[in-house]
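The next block holds one structure in the form of structure tokens; read it before the comments.
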Amino acid sequence: MFSKRFKWSLESNRFARLIEEKKRSGARILDLTESNPTRAGFDYPAEEILGALAQAPSMLYEPAPRGLPVARESVAGYYSERGYSVDPERVHLTASTSEAYSFLFKLLADHGQSVLVPQPSYPLFEFLAALEGVELRPYELHYVHPAGWRIDFDSIEKAVESNTRAIILVSPNNPTGSFTKLREVGQLNEVCARHDLALIADEVFGDYGFGDDENRAGSLVSNDSVLTFVMSGFSKVLALPQMKLGWIVTNGPAGLRDQAVERLDFIADTFLSVAAPVQHSAPAWMRLRRSIQAQILSRIQDNLDWLRDATDDSPLRLLSAEGGWYATLELPRQFTEEEWALALLEKDDVLAHPGYFFDFQREAFLVLSLLPRSETFCEGGERILARVEQV
Ligand SMILES: Cc1ncc(COP(=O)(O)O)c(C=O)c1O
0 MFSKRFKWSL
10 ESNRFARLIE
20 EKKRSGARIL
30 DLTESNPTRA
40 GFDYPAEEIL
50 GALAQAPSML
60 YEPAPRGLPV
70 ARESVAGYYS
80 ERGYSVDPER
90 VHLTASTSEA
100 YSFLFKLLAD
110 HGQSVLVPQP
120 SYPLFEFLAA
130 LEGVELRPYE
140 LHYVHPAGWR
150 IDFDSIEKAV
160 ESNTRAIILV
170 SPNNPTGSFT
180 KLREVGQLNE
190 VCARHDLALI
200 ADEVFGDYGF
210 GDDENRAGSL
220 VSNDSVLTFV
230 MSGFSKVLAL
240 PQMKLGWIVT
250 NGPAGLRDQA
260 VERLDFIADT
270 FLSVAAPVQH
280 SAPAWMRLRR
290 SIQAQILSRI
300 QDNLDWLRDA
310 TDDSPLRLLS
320 AEGGWYATLE
330 LPRQFTEEEW
340 ALALLEKDDV
350 LAHPGYFFDF
360 QREAFLVLSL
370 LPRSETFCEG
380 GERILARVEQ
390 V
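Right, here's the structure in full:
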């Protein structure tokens with residue numbers, strides 16, 4: 000009855016079952032996986048956010064495949080404030096970055112063709128690709144302590160096949176927090192040109208860098224050497240995932256770029272998925288981003304500073320990160336990361352992601368969200384330390 004694309008078990012896993020049991024028994028779980036910003040105690044200007052939705056033009060239905068000019072101009076304005084020139088005619092609005100991925104897979108790949116994805120990285124790729132009939136081929140990010148993560152270009156060369164259509168970059172990456180470097184962009188452009196591949200840059204965490212570094216590539220919206228798609232959206236830029244607004248900025252050699260834009264128009268026109276009130280609210284919401292981002296960055300910095308101090312001189316190693324919403328801890332290898340994560344949940348009521356959720360290449364890592372309130376984060380962190388020091 001059902002399509003073969005759907006290949007997942009709907010049974011709940013051991014973590015989900017254990018969490019349910021814990022909740023039934025009334026346990027207070029310290030959730031260090033919480034990455035929903037709307038549940039993390041930030042002070043959103045609710046009146047301004049909700050007030051912006053009540054605008055008279057939203058009563059008119061104006062189907063526009065790329066999205067309404069007012070919203071696309073505010074996206075272009077966001078880049079212009081960061082020093083990039085973006086033509087609003089090359090912006091396509093989507094309901095989310097996830098939907099942007101699905102549009103790009105429809106645009107670039109036939110059933111069974113592949114795209115390259117970084118490893119470790121965002122776990123949703125598996126589902127986003129499989130639901131479009133697209134294969135994923137991983138390339139590796141290598142970690143050297145304390146210098147950080149870099150792209151393993153040999154693994155890119157090994158992963159590319161004749162039916163590969165694109166390379167996905169996540170900058171900064173989830174969960175490693177690593178930015179693409181300037182010199183890596185040159186190499187990526189060369190590989191893409193040689194193998195006729197598009198570059199897809201997921202920059203949802205782009206505003207959450209820790210300090211400045213001139214080696215970082217910045218946004219790829221100006222990358223015109225190869226066909227390039229940059230994605231982002233309000234779920235991270237404004238920490239408003241419930242408002243459902245993402246976008247794609249297309250760039251590249253003019254002929255190819257324009258063909259891509261026309262085809263994206265066609266795909267977007269089939270769905271017309273972004274609500275008018277959301278589009279009309281975009282300029283007002285965009286103006287709130289600095290105050291919302293400042294709160295998030297300050298929380299992230301506090302949690303990270305605490306974690307750095309707490310893990311110094313401990314059996315835990317905090318991996319170097321340059322940005323994003325996550326921290327990665329390396330644990331002693333006498334247990335697997337699944338055993339560590341289950342023990343923490345079972346015995347200490349602490350929920351943390353084991354590294355294999357993100358396809359870390361070796362054991363044993365835990366990934367923590369840096370968004371939880373600092374009391375929760377520190378209490379959870381202390382319990383992790385105590386558990387590791389006990390064994
Ligand atoms: C790297 C990355 N890309 C995309 C998304 C999804 O964003 P959206 O809510 O816009 O679909 C996330 C969500 O956590 C993410 O971590």
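For the sequence shown, numbering that gives the first Met the number 0 begins at 0 and goes up steadily by one.
Glycine is no exception: its CB is placed at the ideal position from the N, C-alpha and C atoms.
query = Less than 7 Å between the CB of Gly379 and some heavy atom of ligand 1, yes or no?
reply = If you number the sequence shown from 1, residue 379 lands on position 380. No, ligand 1 has no heavy atom inside 7 Å of this Cβ.
message = Ignoring anything shorter than 4 residues, give me the alpha helix (DSSP H) runs that lie fully in the segment 283 to 370, in order along the chain.
response = 288 to 310, 336 to 347
inquiry  = With the cut-off set at 8 Å, would you say Thr32 and Ser373 are in Cβ contact?
reply    = Here residue 32 is taken as the residue at index 33 of the sequence shown, counted from 1. Here residue 373 is taken as the residue at index 374 of the sequence shown, counted from 1. No, they are not a contact pair.
message = Starting from Tyr142, trace the beta strand (DSSP E) in both directions and tell me its first and last residue.
response = Counting from 1 along the sequence shown, the entry for residue 142 is found at position 143. Here the beta strand (DSSP E) through Tyr142 covers 134 to 143.
task = Compute the beta-carbon to beta-carbon distance between Thr96 and Gly245, rounded to the nearest angstrom, for a pair I have assumed lies under 8 Å.
result = As a working mapping, residue 96 is identified with position 97 in the sequence shown. As a working mapping, residue 245 is identified with position 246 in the sequence shown. That pair is a contact at about 4 Å.
query = Which value, in whole angstroms, describes the spacing of the CA atoms of Glu183 and Phe5?
reply = As a first step, residue 183 is located in the sequence shown; it is residue number 184 there, counting from the start. As a first step, residue 5 is located in the sequence shown; it is residue number 6 there, counting from the start. Cα-Cα distance, rounded: 35 Å.
ask   = Do you know how far the Cα of Ala158 is from the Cα of Ile167?
value = On the sequence shown, residue 167 is found 168 positions in, with the first residue counted as 1. On the sequence shown, residue 158 is found 159 positions in, with the first residue counted as 1. If you take the alpha carbons of Ile167 and Ala158, they lie about 12 Å apart.
key: Candidates Arg382, Pro252, Gln118, Phe270: closest to Ala99 by CA position   = On the sequence shown, position 100 is the one that residue 99 refers to. Selected option, being the one with the closest Cα: Phe270.
ask   = In this structure, does DSSP put Asn250 in helix, strand or coil?
value = Stepping through the sequence shown from its first residue, residue 250 is reached at position 251. Of the three classes helix, strand and coil, the one that applies to Asn250 here is strand, per DSSP.
inquiry  = Quick check on the burial criterion: 16 or more other C-beta atoms within 10 angstroms. Buried or exposed for Asp212?
reply    = Taking the sequence shown and counting its residues from 1, one reaches residue 212 at position 213. When all chains shown are included, Asp212 counts as exposed.
query = When the cut-off is 8 Å and only beta carbons count, does Gly245 lie next to chain B?
reply = The displayed structure is made up of one protein chain only, and chain B is not part of it.
key: Those residues, in chain order, that have a beta-carbon closer than 5 Å to some heavy atom of ligand 1   = Ser95, Thr96, Ser97, Tyr121, Val169, Asn173, Asp201, Val203, Gly232, Ser234, Pro240, Gly245
message = Taking the alpha-carbon of Phe376 as reference, which of Asp348, Gln360, Ala238, Arg361 has the nearest alpha-carbon?
response = Looking up residue 376 in the sequence shown gives position 377. For Phe376, the nearest C-alpha among the options comes from Asp348.
ask   = Which residues mark the beginning and the end of the beta strand (DSSP E) in which Arg149 is found?
value = Here residue 149 is taken as the residue at index 150 of the sequence shown, counted from 1. Where Arg149 is concerned, the enclosing beta strand (DSSP E) stretches over 147 to 150.
ask   = For Arg149, which option in Pro171, Arg71, Ser113 has the closest C-alpha, if you only look at C-alpha atoms?
value = Here residue 149 corresponds to residue number 150 of the sequence shown, with the count starting at 1. Nearest C-alpha to Arg149: Pro171.
message = Helix, strand or coil, according to DSSP, for Arg215 in the structure here?
response = One-based indexing of the sequence shown puts residue 215 at position 216. Correct three-state label for Arg215: strand.
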